[in-house]
Amino acid sequence: DGDGGGGGGSRGGSRGNRNVTGGGARALAEIYGTEQDKVNCAFFIKVGACRHGDTCSRLHNRPPLSQTLLLKNLYFPPVQEPGQPPLTEKDLLEHYEEFYEDIFTEVSKFGDVHDMVVCENHGMHLAGNTYVKFETEEAAQKAFTGLAGRFYAGRPILAEYTAVTDIWEGVCKQLEKEGTCSRGSNCNFMHLKKIGRELEADLYPDGRGGAGFRGYSGGGYGRTGRHDGPNRDADDFRG
Numbered sequence: 023d024g025d026g027g028g029g030g031g032s033r034g035g036s037r038g039n040r041n042v043t044g045g046g047a048r049a050l051a052e053i054y055g056t057e058q059d060k061v062n063c064a065f066f067i068k069v070g071a072c073r074h075g076d077t078c079s080r081l082h083n084r085p086p087l088s089q090t091l092l093l094k095n096l097y098f099p100p101v102q103e104p105g106q107p108p109l110t111e112k113d114l115l116e117h118y119e120e121f122y123e124d125i126f127t128e129v130s131k132f133g134d135v136h137d138m139v140v141c142e143n144h145g146m147h148l149a150g151n152t153y154v155k156f157e158t159e160e161a162a163q164k165a166f167t168g169l170a171g172r173f174y175a176g177r178p179i180l181a182e183y184t185a186v187t188d189i190w191e192g193v194c195k196q197l198e199k200e201g202t203c204s205r206g207s208n209c210n211f212m213h214l215k216k217i218g219r220e221l222e223a224d225l226y227p228d229g230r231g232g233a234g235f236r237g238y239s240g241g242g243y244g245r246t247g248r249h250d251g252p253n254r255d256a257d258d259f260r261g
């Protein structure tokens, strides 16, 4: 995986005087969002976040509307309490699946959810980021409005539109293909937290990703129906 988002450097130069007509425009379109793009932050385009934040030397283009909402830093695993038995893998999975189902159920009230994934990276620009892709921009807009001022488990739900519509583009390919990442949890591409197959089948009854799914078990690419199951922890939501 590459370095994060083109930090350093200057915004100056002759950007405003570039000729982007004809072949120039086509060339810029071909390199848009790649490492050769010196104007737009490739990481922000692919994952909706950048470790440099507002100090990045490249542009962070935020869409006015999108099918996908980014709920920033929403999930964090439970903390081991002093004097309590050590948390097991089962404890951690149950905690995460409870969160996943709660959020999925809540956002599904606004429209059909196409996909939902959660990052387990440690970098704060990605940690706990929850991406919800709806079937339509209208559903995403309803969710954006409906989640404003809301809290989950005492944590504010900070929703924003993101240009991330093909989630696979932002996933760490090395981790998915090899099961490990040379950059570890500080990778600047998405490391997606998995849910169990039972919950997956419940929330994605049409099958996650359908035929030829791309591999990760963090969200489905297949069309899903609206999930109207009960919210087990409605008290976690406030606002």
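Residues in the sequence shown are numbered from 23 upward in steps of one, following the working numbering. From the three backbone atoms N, C-alpha and C, an ideal C-beta is built for every residue, glycine too.
Please report the distance separating the alpha-carbon of residue i from that of residue j.
{"i": "T152", "j": "K94", "result": "6 angstroms"}
{"i": "E123", "j": "K68", "result": "25 angstroms"}
{"i": "H144", "j": "R73", "result": "11 angstroms"}
{"i": "G133", "j": "L114", "result": "29 angstroms"}
{"i": "D258", "j": "F173", "result": "7 angstroms"}
{"i": "S207", "j": "E142", "result": "7 angstroms"}
{"i": "A71", "j": "S204", "result": "20 angstroms"}
{"i": "A162", "j": "A170", "result": "12 angstroms"}
{"i": "P100", "j": "H117", "result": "7 angstroms"}
{"i": "R80", "j": "C63", "result": "5 angstroms"}
{"i": "N83", "j": "G150", "result": "21 angstroms"}
{"i": "Q106", "j": "V61", "result": "51 angstroms"}
{"i": "V193", "j": "D76", "result": "23 angstroms"}
{"i": "P104", "j": "I125", "result": "29 angstroms"}
{"i": "L109", "j": "K131", "result": "33 angstroms"}
{"i": "P85", "j": "R219", "result": "34 angstroms"}
{"i": "L148", "j": "Y226", "result": "24 angstroms"}
{"i": "F121", "j": "V129", "result": "12 angstroms"}
{"i": "G168", "j": "M146", "result": "25 angstroms"}
{"i": "C78", "j": "T127", "result": "35 angstroms"}
{"i": "A181", "j": "D228", "result": "27 angstroms"}
{"i": "D255", "j": "K164", "result": "The predicted model places D255 with a pLDDT of 48, which falls under 50 and marks its position as unreliable; any figure quoted below should be read in that light. The alpha-carbon atoms of D255 and K164 are separated by roughly 22 angstroms."}
{"i": "E198", "j": "Q102", "result": "28 angstroms"}
By DSSP, does residue i sit in helix, in strand, or in coil?
{"i": "K112", "result": "helix"}
{"i": "E142", "result": "coil"}
{"i": "K155", "result": "strand"}
{"i": "A149", "result": "coil"}
{"i": "E103", "result": "coil"}
{"i": "F132", "result": "coil"}
{"i": "L180", "result": "coil"}
{"i": "T43", "result": "Only weak support is given to the placement of T43: the predicted model assigns it a pLDDT of 49, under 50, and the question is left unresolved by the model."}
{"i": "F262", "result": "Residue 262 is absent from the structure shown; the chain starts at 23 and stops at 261."}
{"i": "C126", "result": "For clarity, residue 126 is Phe in the given sequence; the question names Cys instead. In this structure, F126 counts as helix in the three-state DSSP scheme."}
{"i": "Y118", "result": "helix"}
Return the Cβ separation of residue i and residue j in integer angstroms, given the expectation that the two are a contact with Cβ distance under 8 angstroms.
{"i": "T184", "j": "T90", "result": "5 angstroms"}
{"i": "D224", "j": "I189", "result": "Not a contact, Cβ separation roughly 20 angstroms."}
{"i": "S88", "j": "T187", "result": "7 angstroms"}
{"i": "L214", "j": "V140", "result": "7 angstroms"}
{"i": "V135", "j": "F166", "result": "Not quite, the Cβ-Cβ distance comes to about 14 angstroms (not below 8 angstroms), so this is no contact."}
{"i": "L65", "j": "N210", "result": "Note on residue identity: the sequence assigns Phe, not Leu, to residue 65. At roughly 6 angstroms, the Cβ-Cβ gap stays under 8 angstroms, so F65 and N210 are in contact."}
{"i": "E119", "j": "I217", "result": "6 angstroms"}
Please determine whether the Cβ atom of residue i lies at a distance below 7 angstroms from any heavy atom of the ligand FMN.
{"i": "H147", "result": "As presented, the structure is devoid of all ligands, the ligand FMN included, so that no description of it is given."}
Review point. Quick check: the segment 91-110 against the segment 174-190, are there 3 or more CB pairs under 8 angstroms?
Key: yes
Check your understanding: Can you list, in chain order, the stretches of the beta strand (DSSP E) that have 3 or more residues and sit fully within the segment 63-94?
Key -> 90-93
Exercise for review: Just list the alpha helix (DSSP H) runs in the segment 181-235, keeping only unbroken ones of 4 residues or longer that don't cross its boundaries, in chain order.
Suggested key: Within the segment 181-235, the complete alpha helix (DSSP H) runs of at least 4 residues fall at 195-200, 219-225.
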